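Chemist:
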Amino acid sequence: MSSLPGTGLAARLRAATASRLARDTLTVFLFSGLGRALALGKEMLVAALFGVGGQLDAYVLAFLIPSLLVNIFGAAFASALVPALGRAAATKTPGGQTDANASPDPSAAPRLLLAGLSAQAGLILAAALAMLCVPAPALRALAPFLAPERLLLVKTMQTDLLPLFVLASLSQTMAACVNYRGGFRGPASASTLGALTAIAVIAAAHGDLGLSALVAGVDAGAAVEFCLLAWMLRRAWAAPRGDMRRKIAESAEPSGVAGSAANGVSQNAADTIASGFTTVAPDLLASQPSGQQSGPDSPYDAPSHTSLRAQSSASRGQTPRPAVPHPRRALLGTLLGALLGDWSMLALGAGTLALSAFIDNAIASTLGEGAVSALSYAWKLPSGFAALLGLTLSTVLLPYFTSLANNAPAAELARSCRRVVTRLLSVCAPLAAAGALASPLLVALLFQRGRFDAQAAGLVSAVQACYFIQLPFYLLCIVTQRMLQALSRFRFLFALQAGLVAVNALTCYALSRVFGVAGIALSSTCMYALTAGISLVALRRGLRARAAKGAAANGAAI
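Reading the sequence shown from the start, the letters are residues 511 to 1068 in this note's numbering.
(1) Beta-carbon separation of Q974 and S949 under 8 Å?
(2) Does DSSP classify P576 as helix, strand or coil?
(3) Looking at the structure shown, is S893 part of a helix, part of a strand, or coil, going by DSSP?
(4) Whole angstroms is fine: what's the gap from V1047's alpha carbon to T862's?
(5) Alpha carbon to alpha carbon, how far is S998 from L633?
(6) Buried or exposed: S866, going by 16 or more other Cβ atoms within 10 Å of its Cβ?
(7) Once DSSP output is grouped into helix, strand and coil, what is the label at L997?
(8) A618 to L662, Cα distance in whole Å?
(9) Is it right to say G847 is buried, meaning 16 or more other beta carbons lie within 10 angstroms of its own, or is it exposed?
(10) Please list, in chain order, all residues of the same chain as P673 whose beta carbon is under 8 Å from its beta carbon, the five residues on each side excluded.
(11) Just how far apart, CA to CA, sit A568 and L544?
(12) On the CB-based measure, 16 or more other CB atoms within 10 Å of its CB, does T707 come out buried or exposed?
(13) Classify A657 as helix, strand or coil using the three-state DSSP reduction.
(14) Quick one, are the C-beta atoms of V676 and L571 less than 8 Å apart?
(15) Taking the alpha helix (DSSP H) that Q958 belongs to, which residues open and close that run?
(16) Shortest alpha-carbon distance to Y872 belongs to which of P697, A653, N581 and P616?
(17) Beta-carbon separation of S987 and T932 under 8 Å?
(18) By a C-beta neighbour count over all protein chains shown, 10 Å radius and 16 as the cutoff for buried, is K890 buried or exposed?
(19) Just the C-alpha distance for A558 and D963, rounded to the nearest angstrom, thanks.
(20) Distance check for V725 and R1050, CA to CA, integer angstroms please.
(21) So what's A600 in DSSP terms, helix, strand or just coil?
(22) Which two residues bound the contiguous alpha helix (DSSP H) that contains S699?
(23) Roughly how many angstroms separate the alpha carbons of E659 and R650, rounded to a whole number?
(24) Using C-beta distances below 6 Å, list every residue in its chain close to L969, excluding the 5 sequence neighbours before and after it, in chain order.
(25) Tell me whether G606 is buried or exposed, calling it buried when 16 or more other Cβ atoms sit within 10 Å of its Cβ.
(26) Please return the same chain residues whose Cβ sits closer than 7 Å to the Cβ of D534, not counting the five positions on each side in sequence.
(27) Whole angstroms are fine: how far does the CA of L952 sit from the CA of L703?
(28) Taking DSSP as the reference, what is the three-state secondary structure of R691?
(29) Are the CB atoms of L941 and F983 within a distance shorter than 8 Å?
(30) If you draw a straight line from the C-alpha of T683 to the C-alpha of L877, how long is it?
(31) Taking only three categories from DSSP, how would you classify E553?
(32) Alpha carbon to alpha carbon, what distance is there between S699 and M1037?
(33) Does the distance from the CB of C938 to the CB of L985 come in under 8 Å?
(34) Here's the rule I'm using: 16 or more other beta-carbon atoms within 10 Å means buried, otherwise exposed. How should C643 be labelled?
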């Protein structure tokens, strides 16, 4: 009996989405696609309302530094925090247990999350205050030939965009932490609602506020997204209130006294206790010295056994022994220090690579009024595909590659990398070619209305075609860099990015003198192609060295 049409295709689709990696990838792709569609609708609205001109150039220049800082303090911090949370969740419980009997510490991950978010908030506020202190003349580095009144407008808009920087940076980290707990739909939905809020504010207020409505809209959208993600983070990481008394009793029980019973309880409750803000309070009880009793009052109302012993030793003329820090506090300090160290390397790399955007816009500002905004419009549609596919890849591949790097043999690691790269190129190369060929039609359909005339459409379509060619190399860079991050090659990535920024500056200036604004897009394509090629070579050598090391270790074991 013949099967119905489409049955085989449905079976293949079910098989392809059977793995959790595939399901998570599809979820992120679909929800992020909706968000990117709304973001593109916002850009179409901005094009119809404000066109291409000097005032919009000022907004684009004012947006550069906040967007760079969001990458440094938000995306880079989130990329460092997720692997750190994984290491913390696998950390053994400190105490008197042996390594063979030790169990993962259920409070390590939430304690690290709370400490990490606090450290991130402090860094963000310090950076925001530093931005407030930057004088307007210092912003001339963004556009050396900008008129003084435009430069003052850039400074005003940049100050108004500070809420966007603060809220979006924290939102990046909160979204990554919710994703870490298995929630992918919520953060994507929050981004979608934020984009809707921005569109509504811009459409409602542009008549009264003019270009300032654009600033108000993006700030309002960031605020809505932040509030939703804060609520999702609380739900994803909070433990049930009914289990609190049992957790406190278990944590307050001295290690080594409960014996195997305590180990059994912690093993059975691992899934429910793991990673919640409410487990921080039990840790405070567990951090008391073993001789101190906890009662209905605050545990700090009475002097501890350690302090009484120190006073007794001092009265006898003896030198008291220094207090030994509690193992969990020492563990938290170690985890937090490692997190900040990883973030510093990622932040340096992100900041160095982001200099390319400043270089591109600074050179574009020398090509005449409207060149900066034309460059911005040309990147909108390619960046939609790049952000959609790049967000999907970066969200799901880092934990996937990290798991392979820690658990799988080198041969499996190499096969997985080749499989991901092959599938990526098979999808993105035809998409890039089609986008470049259809660029004039796409610009006419999306932007050519109102004050956006045919001359502006011709300029933007040429630049957009060059950006579409860049797409496969850009996404290939994301895949290779995630793999190198999983292998802890942070220093190599930073050195590579620093060298390529200098190459991009030279090619950008040279090509812009020949091809105009389109030459700037071509220079970015060359930079990403070179980055992807060097990263693939380094990754191949690293995997070969890893395989040789594993073979040598197996031979020594035999």
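Where a beta carbon is used, it is the ideal one built from N, C-alpha and C, also for glycine.
No experiment lies behind these values; they were computed from the predicted model shown.
Modeler: In this structure, then:
(1) The answer is yes: Cβ separation under 8 Å.
(2) helix
(3) Residue state, collapsed to three classes: helix.
(4) 21 Å
(5) If I take the Cα positions, the gap works out to 24 Å.
(6) buried
(7) coil
(8) 48 Å
(9) Residue environment analysis places G847 among the exposed positions, since fewer than 16 neighbouring C-beta atoms fall within 10 angstroms of its C-beta.
(10) D729, A732 and A733
(11) 29 Å
(12) buried
(13) coil
(14) no
(15) Membership of Q958 in any alpha helix (DSSP H) is not indicated, and neither H nor E is assigned to it by DSSP.
(16) In the sequence as presented, Tyr is not what sits at residue 872; that position holds Ala. It is A653.
(17) This sequence places Cys at residue 987; Ser is not what is there. Cβ distance not < 8 Å, so C987 and T932 don't count as in contact.
(18) K890 sits buried, since 16 or more C-beta atoms from the chains shown fall within 10 Å of its C-beta.
(19) 10 Å
(20) Rounded to the nearest angstrom, the two C-alpha atoms are 45 Å apart.
(21) coil
(22) R695 to L719
(23) 12 Å
(24) Here L969 has A884 as same chain residues with Cβ atoms under 6 Å from its own Cβ, once five neighbours each way along the sequence are excluded.
(25) Unreliable placement is indicated for G606, whose pLDDT of 43 sits below 50; no coordinate value is reported for it.
(26) F694 and V906
(27) Looking at the backbone, the Cα of L703 and that of L952 are separated by about 26 Å.
(28) Of the three classes helix, strand and coil, the one that applies to R691 here is coil, per DSSP.
(29) no
(30) The straight-line gap from Cα to Cα measures roughly 38 Å.
(31) helix
(32) 33 Å
(33) yes
(34) exposed
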